[in-house]
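Per the working numbering, the sequence shown starts with residue 1, numbered consecutively. For glycine and all other residues, C-beta sits at the position ideal for the given N, C-alpha and C. Everything numeric in this text was worked out from a predicted model, so none of it was measured. Data block below; observations after.
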Amino acid sequence: MNYQELHIESISNPSQFWEKQAKQLSWYKAPKKILGVDDFNYPQWFVDGKLNMSYLCIDKHIEDGFGSQDAIIYDSPVTKTKEHISFYKLHDEVSKLAGGLLALGLTKGDTIIIYMPMIPQALYSMLACARLGIIHSVVFGGFAPHELAIRIDDCKPKAVITASNGIEIDRIIPYKPFVDDAINLAEHKPRHVIVFDRNLGLEMPQKSYDIDYSDLVAKSVSVEPIPVESNHPLYILYTSGTTGKPKGIIRDSGGYATALKFSMKHVYGVEEGDVYWAASDVGWVVGHSYIVYGPLLNRNTTILFEGKPIKTPDASTFWRVISEHKVKVMFTAPTAIRAIKKEDPDGDFITKYDLSSLKYQFLAGERCDVSTLRWTEQHLKVPVIDHWWQTESGWPMLANMVGVEKMPVKPGSAGLPVCGYDIQVLNENGKEVTSGVEGFVTVKLPLPPGTLLNLWGNPERFKAGYLQRFPGYYFSGDGGFKDEDNYVFITGRVDDIINVAGHRLSTAEMEEVVASHSAVAECAVFGVHCDLKGQKPLGLVVLKSENGLDETAITRDIIKEVRHEIGAVASLKDVLVVKRLPKTRSGKILRKLLRNISDDLEYNVPSTIDDIAIIEEIETVYKKSQIGIHKNITKHE
Numbered sequence: 001m002n003y004q005e006l007h008i009e010s011i012s013n014p015s016q017f018w019e020k021q022a023k024q025l026s027w028y029k030a031p032k033k034i035l036g037v038d039d040f041n042y043p044q045w046f047v048d049g050k051l052n053m054s055y056l057c058i059d060k061h062i063e064d065g066f067g068s069q070d071a072i073i074y075d076s077p078v079t080k081t082k083e084h085i086s087f088y089k090l091h092d093e094v095s096k097l098a099g100g101l102l103a104l105g106l107t108k109g110d111t112i113i114i115y116m117p118m119i120p121q122a123l124y125s126m127l128a129c130a131r132l133g134i135i136h137s138v139v140f141g142g143f144a145p146h147e148l149a150i151r152i153d154d155c156k157p158k159a160v161i162t163a164s165n166g167i168e169i170d171r172i173i174p175y176k177p178f179v180d181d182a183i184n185l186a187e188h189k190p191r192h193v194i195v196f197d198r199n200l201g202l203e204m205p206q207k208s209y210d211i212d213y214s215d216l217v218a219k220s221v222s223v224e225p226i227p228v229e230s231n232h233p234l235y236i237l238y239t240s241g242t243t244g245k246p247k248g249i250i251r252d253s254g255g256y257a258t259a260l261k262f263s264m265k266h267v268y269g270v271e272e273g274d275v276y277w278a279a280s281d282v283g284w285v286v287g288h289s290y291i292v293y294g295p296l297l298n299r300n301t302t303i304l305f306e307g308k309p310i311k312t313p314d315a316s317t318f319w320r321v322i323s324e325h326k327v328k329v330m331f332t333a334p335t336a337i338r339a340i341k342k343e344d345p346d347g348d349f350i351t352k353y354d355l356s357s358l359k360y361q362f363l364a365g366e367r368c369d370v371s372t373l374r375w376t377e378q379h380l381k382v383p384v385i386d387h388w389w390q391t392e393s394g395w396p397m398l399a400n401m402v403g404v405e406k407m408p409v410k411p412g413s414a415g416l417p418v419c420g421y422d423i424q425v426l427n428e429n430g431k432e433v434t435s436g437v438e439g440f441v442t443v444k445l446p447l448p449p450g451t452l453l454n455l456w457g458n459p460e461r462f463k464a465g466y467l468q469r470f471p472g473y474y475f476s477g478d479g480g481f482k483d484e485d486n487y488v489f490i491t492g493r494v495d496d497i498i499n500v501a502g503h504r505l506s507t508a509e510m511e512e513v514v515a516s517h518s519a520v521a522e523c524a525v526f527g528v529h530c531d532l533k534g535q536k537p538l539g540l541v542v543l544k545s546e547n548g549l550d551e552t553a554i555t556r557d558i559i560k561e562v563r564h565e566i567g568a569v570a571s572l573k574d575v576l577v578v579k580r581l582p583k584t585r586s587g588k589i590l591r592k593l594l595r596n597i598s599d600d601l602e603y604n605v606p607s608t609i610d611d612i613a614i615i616e617e618i619e620t621v622y623k624k625s626q627i628g629i630h631k632n633i634t635k636h637e
């Protein structure tokens, strides 16, 4: 069956299509009710089925005789460590950690936060939680204590699993002290903090709630996986919301397992036993789906990489890993490729390695520009596949499904709708637009299995954010258009979420921090184009008339405070002082207009602006700062 036939089948008869895919898994109780709906008329998949993700990722392969196969290859250039972890070894570590959690009183339905670097214990922790039906929430290691505290208060974990520290290129990040600070800030107090000591010789303050990870595992007994309902939450993953308060995406178990198994074969084109590498972090959705659960479900060897595309030790590290570990398919963000290209523009490092094992290079996390796509194709000499999906979807929505039929690549497009996704581009009135016309990217319900189940503790926000704007559709929050061949081109967010090197960040949250500075009267933070990271935040501030500080000191303090409150991942490095901000007559700041000026785009000045003279003032500030030099303006008559 070719791509078109398979996609049509998935849309015209979703129940039959996904029932067939669910049979690729070993269920404790096979589902009879394939597709139902909840109170919002939102799809619920396989609700009467029972399974366990940890069993599918580990025990099943041992039962089938593959216990000696590498499940994980841990490669850490920052610690100069490599470890091959078989399914036997993975089973031992995960089942004993699960036994330790059980001994601490943690059971099915409880929540745990995992705040870990890219080390095997992070994966063990996720799989141990899944083994017991404990709902895990992985928070990106290094997020500031304030951000961690918000998540602690939202999901109310009984325990936090962390490490003594993380390691960056040029510094050590104190994870455990960050956790202690977050607990001090949070209203909810976890009972236990389970700490894996990396033994790097750093002092680590001890607290009464501390439990040593290694001691816990050493004295624990292995436990068997517990059957859970298909729609039992596997994890909560927080993503930035437009209100500044993170949204806790809930992922189910059965639908997710079904979708991931399908995607490994049909989207990424890997078979059991192949080596697969997603160069991401377990703090992001890519890490959940394609470092941990997807590859292990499909009996692939997954690469766990602790490092960066450059400076660990140089821009050759990706190619060294592919060559050394015989990677068949790799997945990374365009940002990583741009960083490598900047360090090695002629691709000299690539020629030093045997990359014959590599069949496909996938890119996602932000829009891939044409020059990056072409450079990667030229030097890797394999198909380079841009694709698009979200934390909410959990797996690809647009792609070139190379496991079914390799379609032509169109630079600038993330490809065609993946099976199960009826993607439509709508106008403001909810009507589908013609090809080439930009609109709102939506998915006609039902969404396929594996997508978000709900928002943790906030179903009304779930309904308002995703289902209300276009009844009968899931609203992605992105804009885009289709061409005459049904390829979809994603043009960017239509709200204030920006994408910095694949990390979705709320500018509203940054604005809250900026506005808290004693010298700031008002401010705007918005995303502007960045050649390296896709987007970066830019802050404009209007200062109070008498603040007693010079502008340089104020902007320096603001940048420092955003880093402290949100973390280095925010990447706010540009803060400009302006006399006033462009607003509508009703007082709404015109952020889109500010973004278009900085990005050197043609635009109309809206008729609702309160004072058009402000535009010239903003342009002058931009030009002096070299943030962007405006060329094309069409004034509204």
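For residue i, which residues from the same chain have a beta carbon less than 7 Å from its beta carbon, with the 5 sequence-adjacent residues on both sides left out?
| i | result |
| --- | --- |
| T451 | E392, S393, G394 |
| V94 | S54, I58, Y124, L127, A128, R131 |
| F475 | F440, T442, Y466, R469 |
| I11 | D422 |
| H7 | P417, C419 |
| R191 | K158, A159, Y209 |
With which residues is residue i paired in a DSSP beta bridge?
| i | result |
| --- | --- |
| N499 | R504 |
| P43 | V37 |
| A182 | None; A182 has no bridge partner. |
| F17 | Beta-bridge pairing links F17 to no other residue. |
| S95 | Paired residue(s): none; S95 is not in a bridge. |
| R493 | D478 |
| M330 | W277, Q361 |
| H529 | Q535 |
| Q424 | T442 |
| G415 | V488 |
| A524 | L540 |
| E512 | DSSP, once it has assigned bridges, lists no residue as partnering E512. |
| E9 | In the DSSP output, where bridge partners are listed per residue, E9 has none listed. |
Is DSSP giving residue i helix, strand or coil here?
| i | result |
| --- | --- |
| A336 | helix |
| F262 | helix |
| N454 | strand |
| V402 | coil |
| K82 | strand |
| I135 | strand |
| I250 | strand |
| F140 | coil |
| W395 | coil |
| V286 | helix |
| Y276 | strand |
| W27 | coil |
| D59 | helix |
| W388 | strand |
| S76 | strand |
| A315 | coil |
| F305 | strand |
| Y466 | helix |
| E324 | helix |
| I119 | coil |
| A71 | strand |
| K631 | Low confidence applies here, because K631 scores a pLDDT of 39, under 50, leaving its location unreliable and the question unanswered by this model. |
| K50 | strand |
| I113 | strand |
Less than 8 Å between C-beta atoms, sequence neighbours within five positions excluded: which residues of the same chain meet that for residue i?
| i | result |
| --- | --- |
| L358 | I322, V327, K328, V329, M330, L380, V382 |
Is there a Cβ from chain B that is less than 8 Å from the Cβ of residue i?
| i | result |
| --- | --- |
| L104 | Of the chains in the structure shown, none is chain B; there is only one protein chain. |
Taking 7 Å as the cut-off, is the C-beta of residue i nearer than that to any heavy atom in the ligand NAP?
| i | result |
| --- | --- |
| A521 | Absent from the structure shown: the ligand NAP. Ligands present: none. |
If you drop the 5 nearest sequence neighbours on each side, which residues of the same chain put their C-beta closer than 6 Å to that of residue i?
| i | result |
| --- | --- |
| K638 | Because residue 638 is not part of the residues shown, which for the chain are 1 to 637, the question remains open. |
| L97 | Y124, A128, V217 |
| V286 | A278, S280 |
| I629 | Because the pLDDT of I629 is 42, which lies under 50, any placement of that residue in the model is unreliable, and the question is left without a value. |
Assess contact between the stretch 296 to 305 and the stretch 63 to 77, defined as three or more Cβ pairs (one per stretch) separated by less than 8 Å. Is contact present?
Contact between the stretch 296 to 305 and the stretch 63 to 77 is present, because at least three Cβ pairs lie under 8 Å.
May I have a chain-ordered list of the alpha helix (DSSP H) segments no shorter than 4 residues that lie completely inside the stretch 192 to 243?
213 to 218
Considering only residues of the stretch 344 to 382, which uninterrupted alpha helix (DSSP H) runs meet the minimum length of 4 residues and lie entirely inside it, listed in chain order?
370 to 380
Which complete alpha helix (DSSP H) runs does the stretch 538 to 623 hold, if anything under 4 residues is left out?
551 to 566, 591 to 598
Under 8 Å: do the stretch 41 to 56 and the stretch 434 to 451 share three or more Cβ pairs, one atom per stretch?
Cβ pair count under 8 Å is three or more, so yes.
Taking only runs that begin and end inside the stretch 140 to 171, name each unbroken beta strand (DSSP E) of 3 or more residues, in chain order.
159 to 163
Assess contact between the stretch 486 to 493 and the stretch 175 to 189, defined as three or more Cβ pairs (one per stretch) separated by less than 8 Å. Is contact present?
no
Contact the stretch 428 to 440 vs the stretch 221 to 236: 3+ CB pairs below 8 Å:
no
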